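Residue numbers (the working numbering), protein chains in the order written: chain A, 1 to 566; chain B, 1001 to 1114.
Written as structure tokens, this is what we have:
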């Protein structure tokens, strides 16, 4: 394993040189020339040289190598030095009177030559000094360009070297590859960080060995993600098999790979690897297929998503986004009562038609556009609350989504306060739905933001509860008003063999904490009645109504519902 | 006893040889003495006598290095010539060349002993 962080040890600042020279007179002259400036180790034979290299490589700054040794050729020693990851960093100056040997030595990695008979001492010292300085500078660069755990390139330098790779291979098809280790976070948790680090180093070593034979480069991008950029090849299955090792514990390394073959050089390097990542993600949950290839379907999807991103601002400006409202019913009275509604964004694209929020919301969350969309929905919602209040004669609170991106946006509170205040409605009219997974991103930050929102008078609903890593800690530490059970939670409880025990436990837990419970995705009367019997407070779903445009919601409200107290 | 003047009269480029020894005359003269005892001369003689050109080349090449560094031109020049001919695999009167080398060496040895 290459130890990129190997530091040369200096004794009182004096560099140490290994002189490999069998001739006594030459050794004496060289020693005389060098001894006041350098600490010298002498090897009289090739065997001695290799032994000293093995035992003292960490202390050496340079090797001065004679090509004619009694037991082996100097070029063979040079090859051994450069072929060993531990000694490859050492600069080697070859001492020879034979100009014909220079080409071979340069090819093998010699840095410079000192001719025989030796030039003046000043020249010898100057060459040695310059070579050492160059290599030490290079070592510093190497330090900064490498991942210290594995010795592979780090991300930033990898992209630069990948660009260089293109320049060296302008016509040859080249592949971008992403490799992820499956469930790596569990490895650290189960076996400890030291073991996890060993796994990463092993994977790095295997990848480097496999890829270097095709003039490719490897990088550890972050955690357990590795990037490879190499000339096109077709043995990715074998490379992956080589990585998937059985460790001495029960643990078997498993990984998945995404390949973007024959990259389009018209797109930037990071995007090439985004495509490889897409291909890797496509096989994430597949046990049988562990190498995914970026294909036309993915390309089409990428183009589609790109168009959505491009069209976003036009869509906001031209009001292609509209807000639909799905009623929420209080099911505690004998007859369910319309108590609020959830605002949901819909996008009617002039060319692409109705676009599913399941497509555009994750996309906008990924690049931050969701903030603008959420703000738009908030403005529409408060205006609608005001309109309905005037037209229906009563207040219908509206739930709006606050994405995890919004929660990290410092002016969030001010924006929400301004939006509500300008519409002239009370803050309790807006119910803020905060997704459960935001808590796992940055718990402390979220707690502080939610506290400030609540102190300002907003109601907080924890959305999507039961989908992610729900924790008791979360619902006890987050200052929320209601727990919204995810649609999937409801579906699971009412699947073929109805089992509502978990649902009941969660509702009781919420009650014990003084929180209301809201169930979404309720489709049948049986579901509604069961939830009601279990103590659920509010129900939302197709059983009552699908999401409706504002005018239809108004008609729905007028026609079907009676108001409490009416 | 060998002196710098004697070496100069012999034809050595003492300025160059001394320069490599940082103008340390005693050191230089000690190395010249050592070079004349080099077993490489015997190896070269034996290899040329038996027409073992590979061994002759190796011995000549090794001698050439140290003789060149000491700038012992009268011996260095024929050794260098012999080395290059052997490297090129050319036919030549190697025995005659060896004779020249050994004569120059003997002359220098006599200077050392005289």
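All C-beta atoms, glycine included, are put in the ideal place defined by N, C-alpha and C. Only a predicted model underlies this, so the values are computations on that prediction, with no experimental measurement involved.
Check                                                                                                                                                                      : Outcome
Just to confirm before moving on: does the CB-CB distance between residue 430 of chain A and residue 438 of chain A stay below 7 Å?                                        : no
In the DSSP output, what is residue 437 of chain A paired with across the bridge?                                                                                          : According to DSSP, which records beta bridges pairwise, residue 437 of chain A is partnered with nothing at all.
Going along the chain, which residues of its own chain have a beta-carbon closer than 7 Å to the beta-carbon of residue 299 of chain A, five neighbours each way excluded? : none
Can you tell me whether residue 183 of chain A is helix, strand or coil according to DSSP?                                                                                 : coil
Let me know if residue 234 of chain A comes out buried or exposed under the rule of 16 or more other beta-carbons within 10 Å of its beta-carbon.                          : exposed
Which residue spans inside the region 1012–1042 of chain B form an unbroken alpha helix (DSSP H) run of at least 4?                                                        : 1014–1020 and 1025–1036
CB residue 1064 of chain B to CB residue 1077 of chain B, shorter than 7 Å?                                                                                                : no
Using beta-carbon positions only, say whether residue 1108 of chain B and residue 1010 of chain B come within less than 7 Å of one another.                                : yes
If contact means a Cβ-Cβ distance below 8 Å, which residues of the region 1103–1114 of chain B contact chain A?                                                            : none
Can you find a CB in chain A that lies within less than 7 Å of the CB of residue 1046 of chain B?                                                                          : no
What does the Cβ neighbour count give for residue 261 of chain A, buried or exposed, with the cut at 16 atoms within 10 Å?                                                 : buried
Residues of chain B with a CB under 9 Å from the CB of residue 121 of chain A: which are they?                                                                             : 1019, 1020 and 1022
Starting from residue 313 of chain A, follow the alpha helix (DSSP H) in both directions and report where the run begins and ends.                                         : 296–317
What is the DSSP secondary structure of residue 325 of chain A, reduced to helix, strand or coil?                                                                          : strand
Taking a Cβ distance cut-off of 7 Å, strictly less, list which residues of the region 144–171 of chain A are near chain B, in chain order.                                 : none
Determine whether the Cβ of residue 1013 of chain B lies closer than 7 Å to any Cβ atom of chain A.                                                                        : no
In chain B, which residues lie with their C-beta within 9 Å of the C-beta of residue 97 of chain A?                                                                        : 1061, 1064, 1065, 1068, 1080 and 1083
Taking the alpha-carbon positions, what's the residue 297 of chain A to residue 173 of chain A distance?                                                                   : 21 Å
Using beta-carbon positions only, say whether residue 1012 of chain B and residue 1073 of chain B come within less than 7 Å of one another.                                : yes
Closest Cβ-Cβ distance between residue 16 of chain A and chain B: below 7 Å?                                                                                               : no
When you compare each of A:241, A:313, A:92 and A:302 to residue 278 of chain A by their alpha carbons, which one comes out closest?                                       : A:302
Please list the terminal residues of the continuous beta strand (DSSP E) segment that includes residue 84 of chain A.                                                      : Segment: none, residue 84 of chain A is in no beta strand (DSSP E) and carries neither H nor E.
Less than 7 Å separating the beta-carbons of residue 371 of chain A and residue 396 of chain A?                                                                            : no
If I follow the unbroken beta strand (DSSP E) through residue 230 of chain A, where does it start and stop?                                                                : 225–231
Any idea what DSSP makes of residue 5 of chain A, helix, strand or coil?                                                                                                   : At residue 5 of chain A the pLDDT is 34, less than 50, meaning the model places this residue with poor confidence; the figure from the coordinates comes in the next sentence. Looking at residue 5 of chain A - three-state DSSP - the assignment turns out to be coil, as it is neither helix nor strand.
Chain A partners of residue 1036 of chain B, CB-CB under 8 Å?                                                                                                              : Here the premise fails: no neighbours, minimum Cβ distance about 11 Å.
Between the region 278–296 of chain A and the region 318–331 of chain A, do three or more beta carbon pairs fall short of 8 Å?                                             : no
Just the chain A side, please: which residues come within less than 8 Å of residue 1031 of chain B by C-beta, in chain order?                                              : 25, 28 and 29
Find out if the Cβ-Cβ distance for the pair residue 1048 of chain B, residue 1055 of chain B is shorter than 7 Å.                                                          : no
Name the chain B residues whose beta carbon is nearer than 9 Å to that of residue 32 of chain A?                                                                           : 1020, 1021, 1022, 1024 and 1027
Take residue 37 of chain A as the anchor and find which of A:122, A:111, A:442 and A:408 has the nearest alpha-carbon.                                                     : A:122
Based on the DSSP output, what are the partners of residue 292 of chain A in its beta bridges?                                                                             : A:258
Does the distance from the C-beta atom of residue 65 of chain A to that of residue 87 of chain A stay below 7 Å?                                                           : no
What separation, rounded to the nearest whole angstrom, lies between the Cα atoms of residue 1088 of chain B and residue 101 of chain A?                                   : 14 Å
Within its chain, find whatever has a CB closer than 7 Å to the CB of residue 389 of chain A; leave out the 5 residues flanking it on each side and keep chain order.      : 395
Under DSSP, the alpha helix (DSSP H) around residue 520 of chain A begins and ends at which residues?                                                                      : From DSSP, residue 520 of chain A is part of no alpha helix (DSSP H); its letter is neither H nor E.
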